[in-house]
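To start, the structure itself, in structure tokens.
There are 2 protein chains.
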Amino acid sequence: MGGDVGLKVTVPASIRFLKDHSDASLVLVGDSAALDAELTGIDPALRQRIRVQHASQVVDMDEAPQLALKNKKDSSMRVAINLVKSGEAQAAVSAGNTGALMATARFVLKTIPGIDRPAIAKLMPSVKGTTCMLDLGANVDSSPEQLLQFGIMGSELVSCLQQRSNPTVGLLNIGSEDIKGTESIKRAAELLRGSELNFYGNVEGNDVYKGTVDVVVCDGFVGNVALKSAEGLAYMIAAFLREELMRSWWTRLCALAAMPVLRHFKNRVDTRRYNGASFLGLRGIVVKSHGGTDELGFRYALEQAREEVRSNVIGHIADRVAHQLQNLKRSEAEAN
Amino acid sequence: MGGDVGLKVTVPASIRFLKDHSDASLVLVGDSAALDAELTGIDPALRQRIRVQHASQVVDMDEAPQLALKNKKDSSMRVAINLVKSGEAQAAVSAGNTGALMATARFVLKTIPGIDRPAIAKLMPSVKGTTCMLDLGANVDSSPEQLLQFGIMGSELVSCLQQRSNPTVGLLNIGSEDIKGTESIKRAAELLRGSELNFYGNVEGNDVYKGTVDVVVCDGFVGNVALKSAEGLAYMIAAFLREELMRSWWTRLCALAAMPVLRHFKNRVDTRRYNGASFLGLRGIVVKSHGGTDELGFRYALEQAREEVRSNVIGHIADRVAHQLQNLKRSEAEAN
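First to last, the protein sequences are chains F and D. Okay, so the first sequence: first residue is 1 according to full-length UniProt numbering, each after it adds one. Okay, so the second sequence: first residue is 1 according to full-length UniProt numbering, each after it adds one.
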């Protein structure tokens, strides 16, 4: 039910997803009458792989997370996450209210032992491929210990999704030197350096897009601002380019001539291809689609969830965190 | 002497600046032999408006600020800032080590009464024109009171440079709702709302480039990461566009056809036109040029300094801060 458009985006994307993956089946959660209407006329073979699960409530896009959690116990996102909890679904995907989705997921699914707080992770485009960045806004004021946990989670996500063994992890800072940043950041760097992660050291904002490391770890406030700044800049650049191309009949002609190139370029920087943020650290897979995306974007979010299921991201994170906790206990025992 | 290139950029930019402004004169500070060599053969009328001031040391681009402050008392940046302190120069411009320049400027010039710490401010491009953003890295862990001071300084800078009266001020946060962000951010919002500034409320990262407000206030850690992320993304987009245009003889032909448009576009997003970050809150004008810029970029930094002198930014900031302090005392007296 979520997102700026709702079923007109999520249902067609779901149908296409089922066509692409013959082993997949979907539970569509929301207003059953509206869902059934949207599903009329589809191929019966596909319809068999769709179950409609009614939910009587919808969380508004600007509703306060705590209020949604308290008052909307039969919301589409709550019911969907309950299905993950009960094991009826292997992942939940939503284009709805991010804060409410996170609060609900955390409340229902709980965190993996050893993880204090979940984080939002996303694969960002880079000149070398992609960079996994987390946290993007689930937390503000993350502790050094939490930043280490984000490093472990991001590292496992990249290992699982991209079959990269021992990915490099960078800590987002305002300079590459060790003396830079807040006390909390300096302590996080020590913890990361002492861990079994492939810690690269400090990285800066531009390193995300340069692809300096595979994983960039940061506090959610900082990550959210960096993500949205970059989105804003990309939007501005696109607007300027469009304006220049449309300035006169002559520039329009130029644009026409350059169309194949521009189309290829546009495809390459298409944000829909990077849609799907992972809520990591929970005992279940939850993927958040951008609210403003379209059918193609939502499909990428579904693909993201499928990949996380297939590669058992949660199992890998749980194992790694348990291992890290054991190491910590051992070194504490040795110290005593 | 500063920047990645040094005199080959700064001296030609200085000469051009003098040609553009017949009322200006410059003191070039650094190795006098090298400077004299660079100045040979220039128009004697221009040469008369240049004084070469020898400085025996140079701060390295990666030198620790505190070490530079302690060990390099005859560095070019220190001597230049001393000239501002003594009133011999009305502003100092440097393409050198940012941290060392800030530490030196703060040590020599001191802050304006009522300002705890200086901030780095920059005019960023936006779809509507420009947005002044500060702090961009002079401080980490800014207090709510400091964020209010940044708001006052940014507001006065925009008023002075762009003749915009009562500019709008936004507080960078991870959501527009009042409940979002850290405790420190919430308290800063209260202070800004209670001040005489034209406070808009919370803004998000994308609002910088959307031009939602005239001034965006943030902690230096967050501002620095946001700035560098955006720089990294712009670099990536440019690299992708170049690659697509150069892919084959056919795309090169397209590029050739679209060249006038692309050139216009490139000019519009040219970072050199936004070069020149202002160190605000000091009792003297200091402008930092990007170390990697060229002659054109350095000229923009010189222009920025000239505009700040012409419009008396420091006088305006000092008056506004004094006024704010008076109001605070009055409301405290009324409260007792």
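Glycine included, each C-beta is placed from N, C-alpha and C at the ideal position.
CB contact check: residue i to chain F, cutoff 8 Å
{"i": "D:Thr168", "result": "no"}
{"i": "D:Asn97", "result": "no"}
{"i": "D:Tyr200", "result": "no"}
{"i": "D:Ser331", "result": "no"}
{"i": "D:Thr251", "result": "yes"}
{"i": "D:Ala277", "result": "no"}
{"i": "D:Thr130", "result": "no"}
{"i": "D:Glu244", "result": "yes"}
{"i": "D:Asp4", "result": "no"}
{"i": "D:Ile174", "result": "yes"}
{"i": "D:Ala239", "result": "yes"}
{"i": "D:Asp319", "result": "no"}
{"i": "D:Val158", "result": "no"}
{"i": "D:Val309", "result": "no"}
{"i": "D:Val313", "result": "no"}
Which of helix, strand or coil DSSP assigns to residue i
{"i": "F:Cys254", "result": "helix"}
{"i": "D:His264", "result": "helix"}
{"i": "D:Ser195", "result": "coil"}
{"i": "D:Leu35", "result": "helix"}
{"i": "F:Ser289", "result": "coil"}
{"i": "F:Pro167", "result": "coil"}
{"i": "residue 337 of chain F", "result": "The question about residue 337 of chain F has no answer here: the residues shown for chain F are numbered 1 through 336."}
{"i": "F:Lys8", "result": "helix"}
{"i": "D:Ile314", "result": "helix"}
{"i": "D:Met153", "result": "helix"}
{"i": "D:Lys122", "result": "strand"}
{"i": "F:Arg51", "result": "strand"}
{"i": "D:Val29", "result": "strand"}
{"i": "F:Ala92", "result": "strand"}
{"i": "F:Met246", "result": "coil"}
{"i": "D:Leu172", "result": "strand"}
{"i": "D:Cys160", "result": "helix"}
{"i": "D:Val108", "result": "helix"}
CB contact check: residue i to chain D, cutoff 8 Å
{"i": "F:Val217", "result": "no"}
{"i": "F:Leu7", "result": "no"}
{"i": "F:His264", "result": "yes"}
{"i": "F:Leu147", "result": "no"}
{"i": "F:Ala255", "result": "yes"}
{"i": "F:Glu334", "result": "no"}
{"i": "F:Asn206", "result": "yes"}
{"i": "F:Asp135", "result": "no"}
{"i": "F:Thr271", "result": "no"}
{"i": "F:Ala258", "result": "yes"}
{"i": "F:Gly181", "result": "yes"}
Rounded distance between the beta-carbons of residue j and residue i, thought under 8 Å
{"i": "F:Ile237", "j": "D:Ala239", "result": "Going by Cβ atoms, the distance from F:Ile237 to D:Ala239 rounds to 13 Å, so no, they are not a contact pair."}
{"i": "F:Gly205", "j": "F:Ala189", "result": "Going by Cβ atoms, the distance from F:Gly205 to F:Ala189 rounds to 17 Å, so no, they are not a contact pair."}
{"i": "D:Phe279", "j": "D:Pro65", "result": "Not confirmed; about 13 Å, so no contact."}
{"i": "F:Arg47", "j": "F:Leu39", "result": "7 Å"}
{"i": "D:Lys266", "j": "D:Ser94", "result": "The pair is not a contact, with the Cβ atoms about 27 Å apart (cut-off 8 Å)."}
{"i": "D:Asp36", "j": "D:Gln57", "result": "Contact doesn't hold; Cβ gap of about 18 Å is too wide."}
{"i": "D:Ala55", "j": "D:Gly30", "result": "6 Å"}
Residue i CB to nearest heavy atom of the ligand SAH below 7 Å
{"i": "F:Gly129", "result": "With respect to small molecules bound, the structure shown includes none, and the ligand SAH cannot be examined in it."}
Contacts of residue i in chain C (Cβ-Cβ under 8 Å)
{"i": "D:Arg268", "result": "In the structure shown, chain C cannot be found, because the protein chains are F and D."}
Problem set entry | Cβ-based contacts, 8 Å cut-off: residues of the region 111–125 of chain D near chain F | Pro125
Exercise. Three or more beta-carbon pairs under 8 Å between the region 208–216 of chain D and the region 151–159 of chain D, yes or no?
Worked result: yes
Problem set entry | Chain-ordered residues of the region 36–49 of chain D with a beta carbon less than 8 Å from chain F | none
For this session: Mind checking the region 285–305 of chain F against chain D and listing, in chain order, the residues whose C-beta falls within less than 8 Å of any C-beta there?
Result: none
Exercise. What are the residues of the region 8–30 of chain F that lie near chain D, defined by any Cβ-Cβ distance shorter than 7 Å?
Worked result: none
Problem set entry | Interface residues of the region 209–237 of chain F facing chain D [CB-CB below 8 Å] | Tyr209, Lys210, Cys218, Gly220, Phe221, Val222, Asn224, Val225, Ala226, Leu227, Lys228, Ser229, Ala230, Glu231, Gly232, Leu233, Ala234, Tyr235, Met236 and Ile237
For this session: Could you please tell me which residues of the region 83–107 of chain D, in chain order, have their CB closer than 7 Å to any CB of chain F?
Result: none
Exercise. Are the region 71–84 of chain D and the region 99–115 of chain D touching by the rule of at least three beta carbon pairs closer than 8 Å?
Worked result: yes
Exercise. Which residues, in order along the region 50–83 of chain F, keep a beta-carbon less than 8 Å from a beta-carbon of chain D?
Worked result: Asp62 and Ala64
Problem set entry | Segment contact flag, the region 302–320 of chain F with the region 156–167 of chain F, C-beta cutoff 8 Å, min 3 pairs | yes
Problem set entry | Contact the region 53–67 of chain D vs the region 250–269 of chain D: 3+ CB pairs below 8 Å | no
Exercise. Taking Cβ-Cβ distances below 7 Å as the criterion, which residues of the region 186–200 of chain F are in contact with chain D?
Worked result: none
For this session: Spell out a yes or no on whether the region 120–129 of chain D and the region 274–290 of chain D are touching, meaning 3 or more CB-CB pairs, one atom from each, closer than 8 Å.
Result: yes
Exercise. Per the contact definition of three or more C-beta pairs closer than 8 Å, is the region 315–330 of chain F in contact with the region 8–18 of chain D?
Worked result: no
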